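Engineer: Once you've had a glance at the structure underneath, I'll fire off some questions.
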Amino acid sequence: MVGVRGRAEDRVNHGRLGPKGLYGWQGEQRDRLTVPLIRERGRLVEIDWDTAMSRVVERSRALLEAKGPLSHGFFTSGQLMTEEYYTLAVIGKGGIGTPHMDGNTRWCTATASAAFQETFGCDGQPGSYTDIDSCDAIFLFGHNVAETQTVLWARMLDRLDGADPPQLVCVDPRRTKVAERATVHLPIRNGTNMALMNALVHEQITRGFIDRNYVAAHTIGFDELESLTRDATPEWAAEVCGVCADDIRRAAEIFGISQRVVSTCSMGFYQSHQATAASCQVNNLHLLRGMVGRPGAGILQMNGQPSAENNREAGCGPALPGFRNWENPEHVRELAELWNIDPIVIPHWAPPTDGMTMFRYAEQGSIGFLWIAGTNPAVSMPDLARVRRILTGDQCFVVVSDAYRTETTELADIVLPAALWGEKTGTYTNVDRTVHLSEQAVDPPGQARPDLAIWLDYARRMGLADKDNQPLPPWEGPEEAFEAWKQCSAGRPVDYTGLSYDLLHERGGIQWPCTADAPNGTERLYVDAHFPTSPDRCETYGHDLATGAPVSETEFRASRPDGRAILKSAPYEPAYEKPDTEYPLRLTTGRTVYHWHTRTKTARAPQLQRAAPAMWLEVSRQDAQRLGIDEGDIVRATSRRGSIEAPARISHVREGVVFAPWHYGETAANELTVSAWDPISKQPEFKVAAVALQRLRAGDGPAPAPTNTASAPALPDGCGVRPAHLDRC
Numbered sequence: 001m002v003g004v005r006g007r008a009e010d011r012v013n014h015g016r017l018g019p020k021g022l023y024g025w026q027g028e029q030r031d032r033l034t035v036p037l038i039r040e041r042g043r044l045v046e047i048d049w050d051t052a053m054s055r056v057v058e059r060s061r062a063l064l065e066a067k068g069p070l071s072h073g074f075f076t077s078g079q080l081m082t083e084e085y086y087t088l089a090v091i092g093k094g095g096i097g098t099p100h101m102d103g104n105t106r107w108c109t110a111t112a113s114a115a116f117q118e119t120f121g122c123d124g125q126p127g128s129y130t131d132i133d134s135c136d137a138i139f140l141f142g143h144n145v146a147e148t149q150t151v152l153w154a155r156m157l158d159r160l161d162g163a164d165p166p167q168l169v170c171v172d173p174r175r176t177k178v179a180e181r182a183t184v185h186l187p188i189r190n191g192t193n194m195a196l197m198n199a200l201v202h203e204q205i206t207r208g209f210i211d212r213n214y215v216a217a218h219t220i221g222f223d224e225l226e227s228l229t230r231d232a233t234p235e236w237a238a239e240v241c242g243v244c245a246d247d248i249r250r251a252a253e254i255f256g257i258s259q260r261v262v263s264t265c266s267m268g269f270y271q272s273h274q275a276t277a278a279s280c281q282v283n284n285l286h287l288l289r290g291m292v293g294r295p296g297a298g299i300l301q302m303n304g305q306p307s308a309e310n311n312r313e314a315g316c317g318p319a320l321p322g323f324r325n326w327e328n329p330e331h332v333r334e335l336a337e338l339w340n341i342d343p344i345v346i347p348h349w350a351p352p353t354d355g356m357t358m359f360r361y362a363e364q365g366s367i368g369f370l371w372i373a374g375t376n377p378a379v380s381m382p383d384l385a386r387v388r389r390i391l392t393g394d395q396c397f398v399v400v401s402d403a404y405r406t407e408t409t410e411l412a413d414i415v416l417p418a419a420l421w422g423e424k425t426g427t428y429t430n431v432d433r434t435v436h437l438s439e440q441a442v443d444p445p446g447q448a449r450p451d452l453a454i455w456l457d458y459a460r461r462m463g464l465a466d467k468d469n470q471p472l473p474p475w476e477g478p479e480e481a482f483e484a485w486k487q488c489s490a491g492r493p494v495d496y497t498g499l500s501y502d503l504l505h506e507r508g509g510i511q512w513p514c515t516a517d518a519p520n521g522t523e524r525l526y527v528d529a530h531f532p533t534s535p536d537r538c539e540t541y542g543h544d545l546a547t548g549a550p551v552s553e554t555e556f557r558a559s560r561p562d563g564r565a566i567l568k569s570a571p572y573e574p575a576y577e578k579p580d581t582e583y584p585l586r587l588t589t590g591r592t593v594y595h596w597h598t599r600t601k602t603a604r605a606p607q608l609q610r611a612a613p614a615m616w617l618e619v620s621r622q623d624a625q626r627l628g629i630d631e632g633d634i635v636r637a638t639s640r641r642g643s644i645e646a647p648a649r650i651s652h653v654r655e656g657v658v659f660a661p662w663h664y665g666e667t668a669a670n671e672l673t674v675s676a677w678d679p680i681s682k683q684p685e686f687k688v689a690a691v692a693l694q695r696l697r698a699g700d701g702p703a704p705a706p707t708n709t710a711s712a713p714a715l716p717d718g719c720g721v722r723p724a725h726l727d728r729c
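By UniProt numbering, the letter at position 54 of the sequence shown is numbered 54, and the numbering carries on one by one without gaps.
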């Protein structure tokens, strides 16, 4: 591999690449895992593939015989390919029969899926990236798009710098590059999203901005929503959130009078204790205005990884493939017939297991075989001291497939070298349902293999078979796996049947559903305002958004959704952990534009590593002055779970908040974060933890944080120009 460039004709990026796209490929050339490793006498040593896989199968069979399928767990990522996810879903749910399957998509995109299921009855992005090209307003809820989706931000900048710019509303406790361009910036206290959202809905209703005909014809639950938000005034929310009531009122007015609004949601909302409820309120705003399924009016509940959507579609996580409902016997029967197995094998007797619960089971030894693929939970999970104890304990045998040695591989019993993109063939799906074919360009290094080949080898060695004693899964290569996935998707909302490798190769990205009736794909869902909420079609019967209690099939049928969207909400509740006298500051974590996740690849790309070489902690000017901290001083942040030390960046984060990038395994922000999660999506609370900050000593210079991002240093008073709207309160 010698370089990467964008394709100008592509419908998503128009040929543009962000810094990670431009330079990240260089990380594929360095320090790769090229041979399997096995733990002997406490050390990882090189071994051949046959010996490594024999050890994996030996332990797997022994546990299945002794404890059954509940002894097995599979934990993947949002960075693999559809064909690989679907293959593992068939192995795990159809061959072994375990409900313990999830991935680090739980940390980034679980709430997007949950919010769509609760509101529309099924996963699937309603909108399209093209909606940004014609909207009147853009609302970014907890989404620092300038650093997390740089190509999408470039598309937004095309509009903001064009002849007819949309208004922009930004919800973020930091002064990001997005906030600097915003018509209204709401720098709310992290952990108060739900209070803000209830106030925005309150304003739509009380000020008469809603489309009552659309609401009456195409939704249920309006009376409950109106009652729940009746007292959520801008003044009340302003007190909770720490922003101006007038700014909340102005943001609500922009939404209420605009004819075409695009809303995006991301980690600032998802990694929260009321993640699903707050994200559903974003959906509700659009439903109240009738702004779903038409050009310029769309919802983009963002994904944090390039293939997180595929994991959800293919059922490799805690879901059934094709957005099927695990509580619906007919959906289970369809899968069993497709896979030619007994329906009883498919785990559907209880809710599928989320990632946080999986690691608790591994901690207890209930899961004794845990296969981790393409992710680094020893850096990315909350409360890392506990995670390390789980992965190093004798109670669980840990297999890791990865392209590099990471903090997680160093704790594993078996490590298998995996291929990366460009070294294998398969498909990815973008946020707006655009399916792309990625074709192999180079060979993997050494003995590294695609995950598809690794899992098929495991299935064959395990002797997994269907009712006719034929191999399960029956395919051998990626195109065969894709064709099998198409059959699984047929007739479901995520229908791929009109796609093929040849078509994707010839035309590039195509949006699903793509069928005989929609051979060119489908730009927007719900154009006819008919939603997949019928009991026989829906992916879930839903939950109480406040408690997480499931709605029964009987209750769901009694509500008579009949193809209408569901307006759901919950009262605001404070975060699980609030500041106090011992830990007076609110920690929030996030990304920087130059790194991806735990830096396994980007730290090996020289330009990206130079741009953000090491950990830092951001503190406001007010807090820095009170604590006697200067730029670059070494400070210690301490929570109830641990502490980290890093140079201080005095930035434009709001007073009372400390920001920590979570990429740096050697100084991991997740030493501080809390093991708590949203009751529906089970997405961890990475955005709020109570911490104390202490100056230790002077540093050697400025913090290693970038100066051209949201981490830019705050100028001394009187220097530079602040956008006027940031000084209103």
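Idealized CB from N, CA, C, for every residue including glycine. No experiment lies behind these values; they were computed from the predicted model shown.
With three or more C-beta pairs closer than 8 Å as the rule, is the region 586-600 touching the region 698-712?
Structural biologist: Contact holds: three or more Cβ-Cβ distances are below 8 Å.
Engineer: Nearest-angstrom Cα distance between residue 412 and residue 353?
Structural biologist: Counting from one through the sequence shown, the residue named residue 412 turns up at place 412. Counting from one through the sequence shown, the residue named residue 353 turns up at place 353. Going by the C-alpha atoms only, they are around 22 Å apart.
Engineer: Which residue from 327, 389 and 612 puts its Cα closest to that of residue 554?
Structural biologist: Here residue 554 corresponds to residue number 554 of the sequence shown, with the count starting at 1. The shortest C-alpha separation from residue 554 is found at 327.
Engineer: Identify, in the order they occur along the chain, each residue of the same chain with its Cβ nearer than 7 Å to the Cβ of residue 466, setting aside the five sequence neighbours on each side.
Structural biologist: By one-based count along the sequence shown, residue 466 stands at place 466. Counting only Cβ-Cβ distances below 7 Å, and skipping sequence neighbours, we find 339, 340, 341 and 472.
Engineer: How long is the line joining the alpha carbons of residue 661 and residue 598, rounded to whole angstroms?
Structural biologist: Locating residue 661 in the sequence shown gives position 661, counting from the first residue. Locating residue 598 in the sequence shown gives position 598, counting from the first residue. Their Cα atoms are separated by approximately 10 Å.
Engineer: Taking C-alpha atoms, which residue in 17, 629 and 616 lies nearest to residue 698?
Structural biologist: Along the sequence shown, one-based indexing puts residue 698 at 698. The shortest C-alpha separation from residue 698 is found at 629.
Engineer: From residue 192 to residue 687, what does the alpha carbon distance come to, in whole angstroms?
Structural biologist: On the sequence shown, residue 192 is found 192 positions in, with the first residue counted as 1. On the sequence shown, residue 687 is found 687 positions in, with the first residue counted as 1. The alpha-carbon atoms of residue 192 and residue 687 are separated by roughly 11 Å.
Engineer: Is residue 227 buried or exposed, if buried means 16 or more other CB atoms sit within 10 Å of its CB?
Structural biologist: Counted from its first residue, the sequence shown places residue 227 at position 227. Counting Cβ neighbours within 10 Å, residue 227 comes out exposed, since fewer than 16 surround it.
Engineer: What are the uninterrupted segments assigned as alpha helix (DSSP H) that are 4 or more residues long and contained completely in the region 425-467, given in chain order?
Structural biologist: The region 425-467 contains these whole alpha helix (DSSP H) runs: 451-462.
Engineer: What residue from 153, 6 and 194 has the CA that sits closest to residue 574's CA?
Structural biologist: The residue you call residue 574 lines up with position 574 of the sequence shown. Closest option to residue 574, Cα to Cα, is 194.
Engineer: Measuring straight from C-alpha to C-alpha, what distance separates residue 123 and residue 109?
Structural biologist: Counting from one through the sequence shown, the residue named residue 123 turns up at place 123. Counting from one through the sequence shown, the residue named residue 109 turns up at place 109. So the two alpha carbons sit approximately 11 Å from each other.
Engineer: Taking the C-alpha atoms as reference points, what is the distance between residue 35 and residue 372?
Structural biologist: Numbered from its first residue, the sequence shown carries residue 35 at position 35. Numbered from its first residue, the sequence shown carries residue 372 at position 372. Residue 35 and residue 372: Cα-Cα distance of roughly 17 Å.
Engineer: From this set, 360, 624, 375 and 369, which residue's C-alpha is nearest residue 386's C-alpha?
Structural biologist: Along the sequence shown, read from residue 1 onward, the residue named residue 386 stands at position 386. That would be 360, whose Cα lies nearest to the Cα of residue 386.
Engineer: Return yes when the Cβ of residue 240 is within less than 9 Å of the Cβ of residue 576, no when it is not.
Structural biologist: Within the sequence shown, residue 576 is the residue found at index 576, counting from 1. Within the sequence shown, residue 240 is the residue found at index 240, counting from 1. No, Cβ-Cβ distance for residue 576 and residue 240 is not below 9 Å.
Engineer: Is the beta carbon of residue 37 sitting closer than 9 Å to the one on residue 46?
Structural biologist: For this step, residue 37 is matched to residue 37 along the sequence shown. For this step, residue 46 is matched to residue 46 along the sequence shown. In this structure, residue 46 lies closer than 9 Å to residue 37 by Cβ.
Engineer: Nearest to residue 356 by alpha carbon, out of 490, 106 and 540?
Structural biologist: In the sequence shown, counting from the first residue as 1, residue 356 sits at position 356. Comparing Cα positions, the closest option is 106.
Engineer: Thinking just about the alpha-carbon of each residue, which of 56, 121, 32 and 70 is nearest to the one in residue 538?
Structural biologist: Position 538 of the sequence shown holds residue 538. The residue with the shortest Cα to Cα distance from residue 538 is 121.
Engineer: Can you give the Cα-Cα distance for residue 585 and residue 579, rounded to whole angstroms?
Structural biologist: Residue mapping note: residue 585 aligns to position 585 of the sequence shown, counting from 1. Residue mapping note: residue 579 aligns to position 579 of the sequence shown, counting from 1. Taking the straight line from one Cα to the other gives about 6 Å.
Engineer: For residue 12 and residue 434, I'd like the C-alpha separation in whole angstroms.
Structural biologist: Looking up residue 12 in the sequence shown gives position 12. Looking up residue 434 in the sequence shown gives position 434. Computed Cα separation, rounded: 8 Å.
Engineer: Go to residue 695, then tell me how far its beta strand (DSSP E) extends in each direction, as first and last residue.
Structural biologist: Taking the sequence shown and counting its residues from 1, one reaches residue 695 at position 695. Taken as a continuous stretch (DSSP letters only), the beta strand (DSSP E) holding residue 695 covers 689-697.
Engineer: In angstroms, rounded to a whole number, what distance separates the CA positions of residue 318 and residue 117?
Structural biologist: One-based indexing of the sequence shown puts residue 318 at position 318. One-based indexing of the sequence shown puts residue 117 at position 117. Whole-angstrom Cα-Cα distance: 13 Å.
Engineer: Assuming residue 59 and residue 397 make a contact with CB atoms under 8 Å, what is their CB distance in whole Å?
Structural biologist: In the sequence shown, counting from the first residue as 1, residue 59 sits at position 59. In the sequence shown, counting from the first residue as 1, residue 397 sits at position 397. Correct: roughly 5 Å between the Cβ atoms.
Engineer: Report the rounded CA-to-CA distance for residue 130 versus residue 83, giving the unit in angstroms.
Structural biologist: Numbered from its first residue, the sequence shown carries residue 130 at position 130. Numbered from its first residue, the sequence shown carries residue 83 at position 83. Between residue 130 and residue 83, the C-alpha separation is close to 27 Å.
Engineer: Count the other CB atoms, across all protein chains shown, that sit within 10 Å of the CB of residue 128; report buried if there are 16 or more and exposed otherwise.
Structural biologist: For the purposes of this step, residue 128 is taken as the residue at position 128 of the sequence shown. Its Cβ being crowded by 16 or more others within 10 Å, residue 128 is buried.
Engineer: Distance check for residue 275 and residue 214, CA to CA, integer angstroms please.
Structural biologist: Locating residue 214 in the sequence shown gives position 214, counting from the first residue. Locating residue 275 in the sequence shown gives position 275, counting from the first residue. Cα-Cα distance, rounded: 26 Å.
Engineer: Given residue 320, which residues of its chain have a CB within under 6 Å of its CB, disregarding the five upstream and five downstream residues?
Structural biologist: Position 320 of the sequence shown, counting from 1, holds the residue named residue 320. 326, listed in sequence order.
Engineer: Buried or exposed for residue 721, going by 16 or more other Cβ atoms inside 10 Å?
Structural biologist: By one-based count along the sequence shown, residue 721 stands at place 721. Because the pLDDT at residue 721 is just 42, under 50, the model does not fix this residue reliably, and the value given afterwards should be weighed accordingly. Per the 10 Å Cβ criterion, exposed.
Engineer: Taking the alpha carbon of residue 85 as the reference point, which residue from 638, 481 and 535 has its own alpha carbon closest?
Structural biologist: Looking up residue 85 in the sequence shown gives position 85. Among 638, 481 and 535, the Cα nearest to that of residue 85 is on 481.
Engineer: Could you check if residue 505 is buried or exposed, using at least 16 other CB atoms within 10 Å of its CB as the buried criterion?
Structural biologist: Walking along the sequence shown from the start, residue 505 turns up at place 505. By the 10 Å Cβ count, residue 505 comes out exposed.
Engineer: Below 7 Å CB to CB, which residues in the same chain sit around residue 714 once its five sequence neighbours on both sides are set aside?
Structural biologist: Translated into the one-based positions of the sequence shown, residue 714 becomes position 714. Cβ neighbours of residue 714 beyond the five flanking positions: 621, 650, 651 and 652.
Engineer: Would you mind sorting residue 172 into buried or exposed? The rule is 16 or more other CB atoms within 10 Å of its CB.
Structural biologist: Translated into positions along the sequence shown, residue 172 becomes position 172. Buried: at least 16 other Cβ atoms inside 10 Å.
Engineer: What do you reckon, are the CB atoms on residue 449 and residue 298 nearer than 9 Å?
Structural biologist: Counted from its first residue, the sequence shown places residue 449 at position 449. Counted from its first residue, the sequence shown places residue 298 at position 298. For residue 449 and residue 298, no; Cβs fall outside 9 Å.
Engineer: Can you give me the start and stop residues for the alpha helix (DSSP H) that residue 132 sits inside?
Structural biologist: Counting from 1 along the sequence shown, the entry for residue 132 is found at position 132. No alpha helix (DSSP H) holds residue 132; DSSP gives it neither H nor E.
Engineer: Would you give the residue range spanned by the alpha helix (DSSP H) that residue 19 belongs to?
Structural biologist: The sequence position of residue 19 within the sequence shown is 19, counting from 1. Run containing residue 19: 19-23, per the alpha helix (DSSP H) assignment.
Engineer: Let me check one thing: in DSSP terms, what residues is residue 730 bridge-paired to?
Structural biologist: One cannot answer for residue 730 here, as it falls past the ends of the chain, which runs 1 to 729.
Engineer: Given a cut-off of 9 Å on the beta-carbon distance, is the pair residue 234 and residue 654 in contact?
Structural biologist: What you label residue 234 is simply residue 234 of the sequence shown in a count that begins at 1. What you label residue 654 is simply residue 654 of the sequence shown in a count that begins at 1. Not a contact, by the Cβ cut-off of 9 Å.
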